[in-house]
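Going line by line, the protein sequences match chains B and G. Residues 0 to 196 in numbering that gives the first Met the number 0 are what the first sequence spells out, letter by letter. Residues 0 to 192 in numbering that gives the first Met the number 0 are what the second sequence spells out, letter by letter.
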Amino acid sequence: MTSRRRVVVAWVATVTAGALLGVGSAWLWLTCTDPAGTRIGPWLVNLEAGSTDASLYTRARIALKALLALDRRETLYYIAQQDDAGRPLRSRCRYLISGSIPAARWWSVTAYADDLFLFPDAEQRYSVSGETTLNTVGRFSAFTGPETPVSGAIKWLPTPGDRGLILTLRLYNPSPEVQADPGALAVPSIQRQGECP
Amino acid sequence: MPVKPWQRWLAVGLTVAVLTHLLTVWALPRLIMREAMARITDETATQARAQGAPQAATGVYLPPPTDHTQRRIVMPSPDLLYATCTLDLSKGPMRVTAEVAHPRYWSVALYGANSDNFFVVNERSAAAQRLDLWVVPPGADRSAMNAERGSTVVDAPSRKVLLLMRLLLTDDPADLALAKASRSTLRCDASAL
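The following block contains the structure:
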């Protein structure tokens, strides 16, 4: 190989390796690290979602995981991928989600599979929302899990299969207090029910 | 200290890596938005073919109520009925109108080509359930706009804009009919009418 050809090969190899490292590190950073945000119990809320003030990384993460999110004045999105004890949420386990009514015009908790789409259910039981029947102390509750719970009194969101589970709490037009400090929200608890090997 | 050849190559490789890393993070939301807008344009055309010409004139895609078969945009809300369109502002400002008689929450949000939500109006901020927007591209001549009094002028950060209308559905079956009637009044090219 002539020395000139060697230099060309070295340039191509270096630029290709650099580009692969650049694209690969960006992808890993966006998909495998925890997004920036405020953690409240098992929930994570990103204040820059949808915002024109979003950082380069937040914008890319939101585009990947929550495209077309609204900005915080319109809607706050709290996302949980773990239970109260910090264990990753799995669809095959049963969870009790309960909490007081969030300070917003309207709210909902929706169960998503780890591909960020809804679990299949012929009866379309995907979310628990502002219309849920409250218990005697004014709290709402719902179960998620692959099988019908014994008690039919509490709403059940079926999560068939064995895969990651993501819960999203949406607050439409959150109260000014929550908007100013989303970390101050009394978030719903996510408790695993029974053993789940 | 003299720079060794391998140090020079390492510096070149790392510089390329840093630049492509930043370029990837910058470009990703723009590529995802472009793809989303292309899909909406396709869906609108498909729907227009299925329903006849009148639907085509509105430029609006009216997706069916959200269920688990919706696998186009991540984290769809099952409690909302959507309507969506893309605005191509390359020929100048565009007018968007709707007469919304939905008794519950609804909103219309605008997203730029970089995926930012740069504008949102809901039924509390919209005057008398009426939506009348002029969406203006960067550096546009506003004199040709002919905006009526009472319409809202919104500066878009890009020439391609995605509009998403959300209408809240509750357990009341009457909501769906009202929401469907309301979203069918959305016109994304009212300036051309």
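Note that CB positions come from ideal geometry on N, CA and C, so glycine has one too.
Item to complete: Identify each residue in the stretch 20 to 44 of chain G for which the Cβ-Cβ distance to at least one residue of chain B is less than 8 Å, and report them in chain order.
Response: His20, Leu21, Leu22, Thr23, Val24, Trp25, Leu27, Pro28, Ile31, Met32 and Ala35
Worksheet item: Nearest-angstrom Cα distance between threonine 14 (chain G) and aspartate 82 (chain B)?
Response: As a working mapping, residue 14 (chain G) is identified with position 15 in the second sequence. As a working mapping, residue 82 (chain B) is identified with position 83 in the first sequence. Computed Cα separation, rounded: 41 Å.
Discussion item. Is there a C-beta anywhere in chain G that falls below 8 Å from the one on arginine 104 (chain B)?
Written reply: Locating residue 104 (chain B) in the first sequence gives position 105, counting from the first residue. True, the Cβ-Cβ gap to chain G drops below 8 Å.
Worksheet item: For alanine 180 (chain G), which option in G:Thr151, G:Ala112, G:Ala97 and G:Val107 has the closest C-alpha, if you only look at C-alpha atoms?
Response: Indexing the second sequence from 1 puts residue 180 (chain G) at position 181. Of the listed residues, the one whose Cα sits closest to alanine 180 (chain G) is G:Ala97.
Practice prompt. Kindly list, in the order they appear in chain B, the residues whose Cβ is closer than 9 Å to that of tyrosine 104 (chain G).
Written response: On the second sequence, position 105 is the one that residue 104 (chain G) refers to. Chain B residues near tyrosine 104 (chain G): Arg104, Trp105, Tyr171 and Asn172.
Practice prompt. Under 8 Å by Cβ, that's how I've got valine 160 (chain G) and leucine 80 (chain G) pegged, so tell me the actual separation to the nearest angstrom.
Written response: The count along the second sequence starts at 1 and reaches residue 160 (chain G) at position 161. The count along the second sequence starts at 1 and reaches residue 80 (chain G) at position 81. Actually they are not in contact, since the Cβ atoms of valine 160 (chain G) and leucine 80 (chain G) sit about 21 Å apart, beyond 8 Å.
Discussion item. Do serine 114 (chain G) and arginine 209 (chain B) have their beta-carbon atoms positioned less than 8 Å apart in this structure?
Written reply: Residue 209 (chain B) is absent from the model: chain B starts at 0 and stops at 196.
Practice prompt. Enumerate in chain order the residues of its own chain whose CB-to-CB distance from serine 2 (chain B) is below 7 Å, with the five nearest sequence positions on each side excluded.
Written response: Position 3 of the first sequence, counting from 1, holds the residue named residue 2 (chain B). Closer than 7 Å at the Cβ level, and outside the excluded window around serine 2 (chain B), lies no residue.
Practice prompt. Provide the residue span of the beta strand (DSSP E) that contains alanine 102 (chain B), from first to last.
Written response: Sequence index remark: in the first sequence, residue 102 (chain B) carries index 103 (1-based). That residue, alanine 102 (chain B), is in no beta strand (DSSP E); it is neither H nor E in DSSP.
Discussion item. Measuring straight from C-alpha to C-alpha, what distance separates phenylalanine 116 (chain B) and phenylalanine 118 (chain G)?
Written reply: What you label residue 116 (chain B) is simply residue 117 of the first sequence in a count that begins at 1. What you label residue 118 (chain G) is simply residue 119 of the second sequence in a count that begins at 1. Going from the Cα of phenylalanine 116 (chain B) to the Cα of phenylalanine 118 (chain G) covers about 26 Å.
Practice prompt. Compare the C-beta of histidine 101 (chain G) with all C-beta atoms of chain B and state if any pair is closer than 8 Å.
Written response: Here residue 101 (chain G) is taken as the residue at index 102 of the second sequence, counted from 1. Chain B, which has no Cβ nearer than 8 Å to the Cβ of histidine 101 (chain G), makes this no.
Item to complete: Determine the direct distance from the alpha carbon of valine 108 (chain B) to that of leucine 184 (chain B), and round the result to whole angstroms.
Response: Taking the first sequence and counting its residues from 1, one reaches residue 184 (chain B) at position 185. Taking the first sequence and counting its residues from 1, one reaches residue 108 (chain B) at position 109. Leucine 184 (chain B) and valine 108 (chain B): Cα-Cα distance of roughly 14 Å.
Worksheet item: Would proline 159 (chain B) count as contacting chain G if we go by Cβ distances under 8 Å?
Response: Taking the first residue of the first sequence as 1, we reach residue 159 (chain B) at position 160. No, no contact with chain G.
Discussion item. Under 8 Å, Cβ to Cβ, is there at least one residue of chain G near isoleucine 39 (chain B)?
Written reply: Walking along the first sequence from the start, residue 39 (chain B) turns up at place 40. No, isoleucine 39 (chain B) does not count as interfacial toward chain G.
Worksheet item: Distance, Cα to Cα, proline 101 (chain B) vs alanine 179 (chain B)?
Response: Taking the first sequence and counting its residues from 1, one reaches residue 101 (chain B) at position 102. Taking the first sequence and counting its residues from 1, one reaches residue 179 (chain B) at position 180. Each residue's alpha carbon lies about 14 Å from the other.
Worksheet item: Quick one, are the C-beta atoms of arginine 93 (chain B) and glycine 40 (chain B) less than 8 Å apart?
Response: The residue labelled residue 93 (chain B) in the question sits at position 94 within the first sequence. The residue labelled residue 40 (chain B) in the question sits at position 41 within the first sequence. The answer is no: Cβ separation not under 8 Å.
Worksheet item: Under a CB-based cut-off of 8 Å, is tyrosine 77 (chain B) close to chain G?
Response: By one-based count along the first sequence, residue 77 (chain B) stands at place 78. Not one chain G Cβ lies under 8 Å of tyrosine 77 (chain B).
Fill in: Where leucine 166 (chain B) sits in the DSSP three-state scheme
As a position in the first sequence, residue 166 (chain B) is number 167, starting the count at 1. In this structure, leucine 166 (chain B) counts as strand in the three-state DSSP scheme.
Item to complete: Can you grab the Cα-Cα spacing for the pair threonine 169 (chain G) / arginine 124 (chain B), in whole Å?
Response: What you label residue 169 (chain G) is simply residue 170 of the second sequence in a count that begins at 1. What you label residue 124 (chain B) is simply residue 125 of the first sequence in a count that begins at 1. In a straight line, the C-alpha of threonine 169 (chain G) is about 13 Å away from that of arginine 124 (chain B).
Worksheet entry | Residues that phenylalanine 139 (chain B) contacts on chain G, provided the C-beta gap is smaller than 9 Å | Along the first sequence, one-based indexing puts residue 139 (chain B) at 140. By Cβ distance, chain G contributes nothing, its closest Cβ being about 14 Å from phenylalanine 139 (chain B), past 9 Å.
Worksheet item: What residues from the stretch 50 to 65 of chain B come within 8 Å of chain G, judged by C-beta to C-beta, listed N to C?
Response: Ser50, Thr51, Ala53, Leu55, Tyr56, Arg58, Ala59, Ile61, Ala62, Leu63, Lys64 and Ala65
Worksheet item: Which residues of chain B have a Cβ atom closer than 7 Å to the Cβ of arginine 70 (chain G), listed in chain order?
Response: Taking the first residue of the second sequence as 1, we reach residue 70 (chain G) at position 71. Those within 7 Å of arginine 70 (chain G) in chain B are Phe116.
Item to complete: Please name the residue in G:Thr43, G:Met32, G:Gly91 and G:Ala16 whose C-alpha comes closest to that of valine 152 (chain G).
Response: What you label residue 152 (chain G) is simply residue 153 of the second sequence in a count that begins at 1. The shortest C-alpha separation from valine 152 (chain G) is found at G:Gly91.
Fill in: From B:Thr13, B:Gly163 and B:Trp155, residue whose alpha carbon lies closest to that of serine 90 (chain B)
The sequence position of residue 90 (chain B) within the first sequence is 91, counting from 1. It is B:Gly163.
Discussion item. Within 8 Å of any Cβ in chain B, is that where the Cβ of aspartate 115 (chain G) sits?
Written reply: Taking the first residue of the second sequence as 1, we reach residue 115 (chain G) at position 116. Aspartate 115 (chain G) counts as touching chain B.
Practice prompt. Would you please verify whether the beta carbon of leucine 175 (chain G) is less than 8 Å from any beta carbon of chain B?
Written response: For the purposes of this step, residue 175 (chain G) is taken as the residue at position 176 of the second sequence. So, not an interface residue.
Discussion item. So, under 8 Å CB-CB, methionine 93 (chain G) and valine 59 (chain G) are touching, yes? Tell me the CB distance rounded to an integer number of Å.
Written reply: In the second sequence, the residue the question calls residue 93 (chain G) occupies position 94. In the second sequence, the residue the question calls residue 59 (chain G) occupies position 60. No, methionine 93 (chain G) and valine 59 (chain G) are not in contact; Cβ-Cβ is about 13 Å, not under 8 Å.
Worksheet item: Closer than 8 Å, CB to CB, is aspartate 120 (chain B) near chain G or not?
Response: Within the first sequence, the letter at position 121 stands for residue 120 (chain B). For aspartate 120 (chain B), the answer is yes, since a Cβ of chain G falls inside 8 Å of its Cβ.
Worksheet item: For the putative contact between asparagine 45 (chain B) and arginine 104 (chain B), defined by C-beta atoms under 8 Å, what is the C-beta separation to the nearest angstrom?
Response: The residue you call residue 45 (chain B) lines up with position 46 of the first sequence. The residue you call residue 104 (chain B) lines up with position 105 of the first sequence. Contact doesn't hold; Cβ gap of about 20 Å is too wide.
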